[in-house]
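Student:
Residue numbers (the UniProt record's numbering): 1 to 362.
1. Spatial neighbours of residue 263 within its chain, please: C-beta separation below 7 Å, excluding the five flanking residues on both sides.
2. What does the alpha-carbon distance come out to for the pair residue 250 and residue 340?
3. Please report the distance separating the alpha-carbon of residue 151 from that of residue 198.
4. Measure the CB-CB distance between residue 201 and residue 156 and report whether it falls below 9 Å.
5. Here's a check: name, in chain order, each residue in its chain whose Cβ is nearer than 8 Å to the Cβ of residue 230, leaving out the five neighbours to either side.
6. With residue 255 and residue 221 assumed to form a contact (beta carbons below 8 Å), what rounded beta-carbon distance in angstroms separates them?
7. On the CB-based measure, 16 or more other CB atoms within 10 Å of its CB, does residue 277 come out buried or exposed?
8. Taking the beta carbon of residue 124 as the centre, do at least 16 other beta carbons fall within 10 Å, making it buried, or is it exposed?
9. Once DSSP output is grouped into helix, strand and coil, what is the label at residue 157?
10. May I ask you to check if the CB of residue 71 is nearer than 8 Å to at least one heavy atom of the ligand MN?
11. By Cβ distance, which residues of its chain are closer than 7 Å to residue 132, with the 5 residues on each side in sequence left out?
12. Can you list, in chain order, the residues of its chain with a C-beta nearer than 8 Å to that of residue 356? Leave out the 5 residues immediately preceding and following it.
13. Assuming residue 373 is part of the beta strand (DSSP E), what are its boundary residues?
14. Here's the rule: buried if 16 or more other CB atoms are within 10 angstroms of the residue's CB, otherwise exposed. What is residue 260?
15. Just the Cα atoms here: how many angstroms apart are residue 127 and residue 115?
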């Protein structure tokens, strides 16, 4: 909660099936002002019709009345099981107690409260020039393949700063940072109905941040949160950065990196610590991007295992398999000599993911 109306910018899921709180928040951020966020975990309040809308509005109305703010300056966010209406009364009846407990030190409790299947809360912080601060709080472990944009188990991210921000620049900086962080990470390839990223600026420091400075800080904070989500992916044991280089454009490199990062065969090979270069190259080849396979190079942790489209040998693969035993590593696909370069974060896929999701509703 902000003591005074804060500048707000938001990015939301581009899934056509959106939860009630997403649609409400999308409408309200258009004003560029907000006083508070009310977030819940355990119930996504998605695919719930008019009852879901009413439930979300009941919670924002209760918070608005408690803090003396216009209702349209309170933004809802939800995460959890799809298809159940939010039991709003459980939040509404606790609003007086919750608002009385508001504290500058409450961010740790908030980070923990929004977790679902997360094994740990996600936080990141940066100092801006002049003494202003940027704090990021996120959650996400499953149904992680964000596709967020303006004004469009779930990813929720809340970014708070006391820097003075221009609303237009805040939106531009947030969009740019999301493009190379949250929109470049995946756990399972499923884009949620509830993905929400909100940036709120109180301006209390009276220090103005430039768009470039803000974009850089947001990219660092969002990048750390994205990496933490992938590391915490349901059943995840490894984080791999899939870097594609040498294509004609950045968008082409992104398309290939995304295809490789979401390949089930690639992800299961990573779980098995198997440098299965054939799966990497096959995934790249179905991305719809032209390149000459005879020029392809693949490196695992800097160790070449494929040169000119052919394997280098068993010893190279043995060394690569040792790299794949690490918690995190980089896999590079060099597919030409062009300027296109893009990296995508992914997790491995093992038995743990099935164990979590086979019984998620039971």
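Using N, Cα and C, we set each Cβ at its ideal position, and we do this for glycine too.
Tutor: Once the coordinates are examined:
1. Stepping through the chain shown from its first residue, residue 263 is reached at position 263. Hits under 7 Å: 279 and 283.
2. Sequence index remark: in the chain shown, residue 250 carries index 250 (1-based). Sequence index remark: in the chain shown, residue 340 carries index 340 (1-based). Residue 250 and residue 340: Cα-Cα distance of roughly 4 Å.
3. Mapped onto the chain shown, residue 151 falls at position 151. Mapped onto the chain shown, residue 198 falls at position 198. Residue placement at residue 151 is poorly supported in this model, since its pLDDT is 46, which falls under 50; the coordinates still yield a value, given next. The C-alpha of residue 198 is placed about 11 Å away from the C-alpha of residue 151.
4. Here residue 201 is taken as the residue at index 201 of the chain shown, counted from 1. Here residue 156 is taken as the residue at index 156 of the chain shown, counted from 1. Cβ distance not < 9 Å, so residue 201 and residue 156 don't count as in contact.
5. On the chain shown, residue 230 is found 230 positions in, with the first residue counted as 1. If we look at residue 230 and ignore the five residues flanking it on each side, its Cβ neighbours are 144, 185, 186, 187, 236, 239, 345, 346 and 347.
6. Start at 1 with the first residue of the chain shown, and residue 255 comes out as number 255. Start at 1 with the first residue of the chain shown, and residue 221 comes out as number 221. Not a contact, Cβ separation roughly 26 Å.
7. By 1-based counting over the chain shown, the position of residue 277 is 277. Burial state of residue 277 is buried, judged by a 10 Å Cβ sphere holding 16 or more other Cβ atoms.
8. Here residue 124 refers to the residue found at position 124 of the chain shown. When all chains shown are included, residue 124 counts as buried.
9. Residue 157 sits at position 157 when you count from the first residue of the chain shown. Residue state, collapsed to three classes: strand.
10. As far as ligands go, the structure on display features none, and thus does not contain the ligand MN.
11. By 1-based counting over the chain shown, the position of residue 132 is 132. Closer than 7 Å at Cβ, skipping near neighbours: 161, 162, 163, 205, 207 and 209.
12. Against the chain shown, residue 356 aligns to sequence position 356. Within the same chain, residue 356 has close Cβ partners 117, 142, 234 and 235.
13. In the structure as shown, the chain begins at 1 and stops at 362. Residue 373 is therefore absent and cannot be evaluated.
14. On the chain shown, residue 260 is found 260 positions in, with the first residue counted as 1. With 16 or more other Cβ atoms from the protein chains shown falling within 10 Å of its own Cβ, residue 260 counts as buried.
15. Position 127 of the chain shown, counted from the first residue, corresponds to residue 127. Position 115 of the chain shown, counted from the first residue, corresponds to residue 115. Going by the C-alpha atoms only, they are around 26 Å apart.
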